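Visitor:
Chains as they are written, first to last, in the numbering used here: chain A, 18 to 204; chain B, 18 to 204; chain C, 2 to 504; chain D, 2 to 504.
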């Protein structure tokens with residue numbers, strides 16, 4: 018009566034990761050405003066109402082969300098109300114996205130200038146230990162280890178101008194993981 | 018220095034009409050922000066600065082306009098500041114678009130209901146003479162002749178629900194033209 | 002005075018006003034329910050509400066005028082109250098009665114008050130009884146009596162639908178020859194639009210201003226006024242520009258109008274928000290009608306008084322007493338952006354919004370339900386949005402309005418923004434030389450030729466034709482549309498347009 | 002008092018503030034000139050101005066901090082005056098001096114006044130002389146003396162760059178062990194950011210509020226204040242939420258602060274708009290600094306006072322006398338939407354705005370330079386927009402802010418809107434339990450787990466992956482991008498993203 022939504026059988030479940038969490042999502046059914054999905058084995062039913070401006074109202078489990086989405090090169094951006102999510106496909110090609118493994122590199126989160134490199138090859142670093150300080154957007158940002166690791170290779174030196182995504186430090190895989198963290202002092 | 022705009026050689030001049038006026042436009046040159054065009058033989062020079070949101074700033078003859086554009090099935094929509102224009106291609110397929118001739122039909126300007134048909138086949142009508150009254154958007158609208166004409170065929174009767182673009186009355190071509198005009202009483 | 006608790010509000014309207022009411026209700030912590038017709042399933046008010054119910058087909062008679070369907074939606078969703086907005090059922094006493102009979106709160110005056118004021122003839126009698134001046138006229142005008150009145154008072158006369166409002170169902174009759182035909186047409190149009198063919202006539206004032214007074218009444222019998230609005234700038238007897246305060250109005254006249262509105266509201270036993278409209282000739286004023294609902298132009302009052310009239314309405318509907326309003330500040334102007342072609346007698350327009358540029362900045366408010374991809378259908382009123390500016394004085398409010406209208410662009414639906422821009426920027430508006438004839442006197446030949454503007458349009462059109470500028474329909478989108486015509490995503494809408502070929 | 006005529010205004014800034022200044026200047030009938038760096042060629046402020054000039058490369062040092070280039074642009078375009086906005090050159094006395102030497106009007110205080118107030122050490126001396134209380138501290142802090150002061154007064158101490166502002170160049174030092182290293186780092190950062198490595202130290206107050214007073218001074222020596230703003234809610238010592246009036250502030254304390262600000266401005270011989278910042282502990286307050294320019298958060302004052310501070314600035318710059326302000330009304334709140342990841346220590350973010358949903362409604366103002374397709378680069382401050390709400394009381398302003406933040410969505414640039422939504426909706430904010438520690442005390446573990454929200458995001462992501470929802474990059478757009486990488490049209494930007502393939 019009010020028009021029929023696009024029925025689109027997804028051949029295979031979609032596997033996405035956000036931060037360190039993996040999810041498996043399957044759209045089971047879509048007709049009219051009705052939608053059913055399975056997330057990590059849990060079935061959900063709701064309604065999806067597309068709006069003219071490429072957003073939609075998604076109602077699941079009695080809650081109502083305004084959602085928008087866009088695809089990017091290596092991720093899917095989604096807005097749920099004012100919240101935004103950046104999902105990466107699992108096994109989606111990026112070196113970082115090894116299933117169940119955190120990244121084995123310290124990567125520049127944005128273009129900037131390397132101010133200090135605080136570790137040397139072969140160093141054993143502990144969780145939270147500062148490794149590189151970069152200056153970007155007029156702030157000093159400290160990149161630290163998320164868990165204990167061994168420095169495999171140092172790929173940057175003070176004064177380097179680095180681009181977004183540049184590998185600054187390689188860590189021994191399997192036993193380590195890294196994360197970006199801002200300077201606690203600067204908070 | 019600031020990036021180079023798209024250089025796009027137009028193979029042939031574009032011919033557009035707006036209302037009863039025809040125009041011939043040719044983009045002669047485009048490089049960087051510079052643009053040169055010829056309109057009905059008159060050459061114009063200016064600058065075009067594209068913005069992120071699919072609009073642009075066009076500066077010609079010392080005046081600065083914010084322009085947007087979109088293509089539709091049989092016309093090109095353009096916004097210049099708050100003004101909008103709807104250009105049809107000359108010889109663009111529509112029966113109405115005969116060069117130098119006004120339309121030989123009375124056409125429903127929007128979906129609506131025919132309330133009255135005030136002329137019969139063979140009638141000679143004078144300029145401004147009311148021909149059809151339709152009700153649309155809760156208003157009565159009178160469609161009148163723009164210049165003297167002869168009614169060739171009446172294609173609608175009171176009570177008909179007509180769609181946008183439906184031919185309501187055909188007029189003898191060559192000697193007549195028609196225009197849509199709202200009911201002067203209702204102004 | 003019974004205090005009622007309101008938790009869930011159903012908004013029995015669409016478009017910008019439904020969205021605006023939902024916003025206030027949400028900020029008050031209420032749960033909101035939208036209703037929608039088949040044509041509005043993808044509209045902003047549906048998206049904004051916490052819950053939404055389809056109430057019928059696209060024609061208003063099947064949906065937004067469908068009392069049973071709306072009451073059923075309220076029952077289903079557990080609504081405590083219904084806000085009718087403006088237009089549609091907002092001034093139908095039978096609707097207010099049905100809402101009350103369903104055990105729900107109607108956000109507006111009582112049905113009997115509405116009935117008395119909604120009928121122009123009994124409203125006129127009430128005004129006379131309350132000592133409020135009225136225009137010479139004739140109630141329940143049969144064609145013969147009307148022509149006689151006109152012969153006595155002189156043409157032109159104004160024919161009005163007894164059940165009309167907002168300028169709808171009004172006609173000016175200029176001469177004896179067309180008098181009978183015009184009365185019949187007015188009656189026919191009134192019957193079709195309002196289900197009530199009764200008309201009445203009045204002496205037509207030559208160059209009157211239209212000024213109205215906002216008032217609020219509560220169940221305790223308090224009546225407060227919140228200043229006036231000058232709504233003289235009209236086309237087809239419908240307001241398109243409103244401002245507050247009314248320029249060049251003497252304080253004596255203003256005070257007298259506010260007092261008259263208060264007497265009238267008190268005489269009617271009025272509760273909730275209402276507006277008393279007057280025709281004004283110099284400092285003399287004549288009662289026109291009461292709009293027993295929220296007005297389209299209420300935001301200019303909100304901006305001057307720093308209040309929220311929808312919130313006031315909801316509080317009054319819950320039985321709360323009105324708090325005295327703040328002192329007004331500065332000046333506010335509203336422009337109604339309509340889907341119309343101002344260069345062709347304000348012919349209504351429809352379409353899909355392909356792109357939208359919305360004005361902003363200090364002192365700018367834009368109430369709209371539009372977004373990219375919105376569809377303007379032929380089924381409803383063509384109000385696309387209301388642009389409101391505040392200024393510490395009229396000069397600033399006006400300058401901001403011109404600047405804001407220059408920023409606005411709605412691509413895909415012919416609209417009055419550019420026309421209004423020229424109206425507000427005009428010397429006549431600057432001088433506040435206002436009357437209901439303003440548009441026909443000053444703007445009957447809009448737009449004037451502007452060669453540079455036309456040339457800019459042509460260059461932009463030619464760049465658009467070649468794909469170098471603007472929104473590009475793509476083959477991918479076209480394929481999607483071909484596969485599934487029912488979807489209204491703008492990408493599909495765009496795809497639905499064939500690639501336009503240069504010759 | 003010399004009255005100067007201003008016809009053409011150059012705005013030496015970018016982003017939302019440049020656009021905001023241009024809007025006011027336009028409404029005042031001025032011709033406006035924008036300046037832009039290579040990174041900003043397609044920005045909103047460039048589009049909004051009547052004229053625009055490229056002033057250098059993307060790094061601010063080459064463009065927005067390039068005094069010669071800006072003065073040259075002013076000369077070329079026939080500008081009479083330069084408005085510096087906030088940040089960049091706005092508080093550089095040498096810029097004000099260069100503008101004056103070029104025979105142009107600088108919209109701000111005199112260079113010598115700016116120099117005195119801009120240096121935190123001389124400003125502090127001035128405050129003491131004017132009888133304004135200051136926090137115990139040490140000027141010109143060499144590492145050894147600083148550590149000695151800290152040992153005496155107790156840790157933590159606050160290290161500040163003498164030339165800093167807006168929280169930049171500030172560090173808290175918690176213990177003696179890190180004291181010397183922290184002072185050196187602060188000095189290095191100050192040298193890099195402001196070209197001046199001097200730092201000074203102060204006793205660090207445990208849970209202070211940050212409250213500031215807006216003032217205006219004219220050339221005749223008149224000083225007026227326009228209420229206060231509570232800017233306690235900060236992260237990294239930078240304000241993210243501001244409100245006016247300051248809740249729970251006694252009238253005695255408020256009056257004393259306004260009087261102190263007036264004394265200070267008078268003692269400095271201040272002209273144009275300025276702000277006196279105070280740390281407040283209960284009803285005691287201590288002078289922090291003067292910001293000798295327009296503040297980011299000035300709109301909340303505009304909304305309460307019904308004025309336009311940029312207009313006031315321009316009038317004062319022309320030599321006009323200040324008119325007494327209106328009485329303030331209601332409450333206003335501002336949230337700064339930054340390009341940052343609030344769940345990861347407010348790590349800066351960059352990106353292209355793929356889609357944008359902007360809030361609106363009664364009492365809502367959103368000052369932003371963003372549009373679809375806008376690029377947020379790493380070169381400048383990450384302020385995406387300022388969302389401002391008005392309410393007749395704090396409750397309404399707060400409820401409107403929550404509702405407006407719920408409406409806002411910026412897709413493509415990680416931002417703080419959702420975080421701020423939770424801040425404003427929190428009980429702690431509702432109770433106005435404000436201090437500069439608010440965020441670390443209340444929101445150090447944001448966001449809390451919300452399963453339904455995550456599930457909605459996953460469903461939306463999976464629909465987006467399959468092309469059933471949202472913006473779709475198309476092959477046509479991709480081809481265009483491949484052919485011409487320099488263009489920034491969003492269609493190209495979208496096309497620049499590869500089609501993401503499901504596995």
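Don't be surprised by glycine CBs; every beta carbon is placed ideally from N, CA and C. Every value quoted in this text rests on a predicted model; they were computed, and no experiment measured them.
1) Skipping 5 residues on each side, what residues in its chain have a beta carbon closer than 6 Å to that of residue 171 of chain D?
2) Go to residue 79 of chain B, then tell me how far its alpha helix (DSSP H) extends in each direction, as first and last residue.
3) Which one or two residues does DSSP pair with residue 76 of chain D in a beta bridge?
4) Does residue 373 of chain D get closer than 7 Å to chain B when you measure Cβ to Cβ?
5) Going by the beta-carbon positions, is the gap between residue 415 of chain D and residue 350 of chain D smaller than 7 Å?
6) Let's see if you can read the secondary structure: which residues bound the alpha helix (DSSP H) around residue 102 of chain D?
7) Which runs of the beta strand (DSSP E) at least 3 residues long sit entirely within the segment 115-170 of chain C? Give them in chain order.
8) Near residue 20 of chain D, which residues of its chain fall below 7 Å by C-beta distance, leaving aside the five closest residues on each side in sequence?
9) Using the beta-carbon count (16 or more within 10 Å), is residue 209 of chain C buried or exposed?
10) So if I threshold CB-CB distances at 8 Å, which residues from the segment 355-383 of chain D count as touching chain B?
11) Out of C:198, C:147, C:195, C:163, point me to the one whose CA is closest to residue 174 of chain C's CA.
12) Give me the Cα-Cα distance between residue 219 of chain D and residue 302 of chain C, rounded to the nearest whole angstrom.
13) If you follow the alpha helix (DSSP H) that residue 180 of chain C is in, where does it begin and where does it stop?
14) Cβ closer than 8 Å: which chain A residues qualify as neighbours of residue 43 of chain C?
15) If you reduce the DSSP assignment to three classes, tell me which class residue 29 of chain C lands in.
16) How is residue 372 of chain C classed by DSSP in three states: helix, strand or coil?
17) So, are the CB atoms of residue 197 of chain C and residue 151 of chain C less than 7 Å apart?
18) For residue 11 of chain D, decide whether its Cβ has a neighbour in chain B, counting only Cβ atoms nearer than 7 Å.
19) For residue 276 of chain D versus residue 213 of chain D, is the C-beta distance shorter than 7 Å?
20) If we call anything under 7 Å between Cβ atoms a contact, is residue 28 of chain D one with residue 401 of chain C?
21) Is there a C-beta anywhere in chain D that falls below 7 Å from the one on residue 199 of chain C?
22) Using a Cβ-Cβ distance under 7 Å, would residue 74 of chain A count as near chain C?
23) Figure out for me which residue from D:386, D:298, D:98, D:193 has the closest Cα to the Cα of residue 82 of chain D.
24) Which same chain residues, not among the five before or five after residue 342 of chain C, have their C-beta less than 7 Å away from its C-beta?
25) Within the 7 Å Cβ cut-off, does residue 74 of chain C reach chain A?
26) Using the C-alpha atoms, what's the distance from residue 14 of chain D back to residue 120 of chain A?
27) Which same chain residues end up closer than 8 Å to residue 464 of chain D when comparing Cβ atoms and leaving out the 5 residues on each side of it in sequence?
28) Give the residues from the segment 135-152 of chain D that approach chain B closer than 9 Å (Cβ to any Cβ), ordered along the chain.
29) What residue does the alpha helix (DSSP H) around residue 89 of chain D start on, and which one ends it?
30) Residue 427 of chain C touches chain D at which residues, Cβ-Cβ below 8 Å?
31) Does the distance from the CB of residue 227 of chain C to the CB of residue 306 of chain C come in under 7 Å?
32) Can the beta-carbon of residue 291 of chain C be found less than 7 Å from the beta-carbon of residue 118 of chain C?
33) Residues of chain C with a CB under 9 Å from the CB of residue 251 of chain D: which are they?
34) Could you spell out where the beta strand (DSSP E) holding residue 104 of chain A opens and where it closes?
35) What do you reckon, are the CB atoms on residue 167 of chain B and residue 186 of chain B nearer than 7 Å?
36) Which residue comes first and which comes last in the beta strand (DSSP E) that contains residue 215 of chain D?
Guide: Put simply:
1) 161, 238
2) Unbroken run through residue 79 of chain B: none, as it is neither H nor E.
3) Partner(s): none; residue 76 of chain D has no beta bridge.
4) yes
5) yes
6) 94-102
7) 158-166
8) 45, 46, 49, 370
9) buried
10) 372, 373, 374, 375, 376
11) C:147
12) 33 Å
13) 180-195
14) 66, 67, 68, 69
15) coil
16) coil
17) no
18) no
19) yes
20) yes
21) no
22) yes
23) D:98
24) 348, 350, 415
25) no
26) At residue 120 of chain A, the pLDDT of 45 sits below 50, so the modelled position is not reliable and the matter cannot be decided from this model.
27) 470, 471
28) none
29) Here residue 89 of chain D belongs to no alpha helix (DSSP H), and DSSP marks it neither H nor E.
30) Near residue 427 of chain C there are no residues of chain D at all, since even the closest Cβ is about 16 Å away, more than 8 Å.
31) yes
32) yes
33) Per Cβ cutoff of 9 Å: no residues; residue 251 of chain D is ~23 Å from chain C at best.
34) 100-106
35) no
36) 210-218
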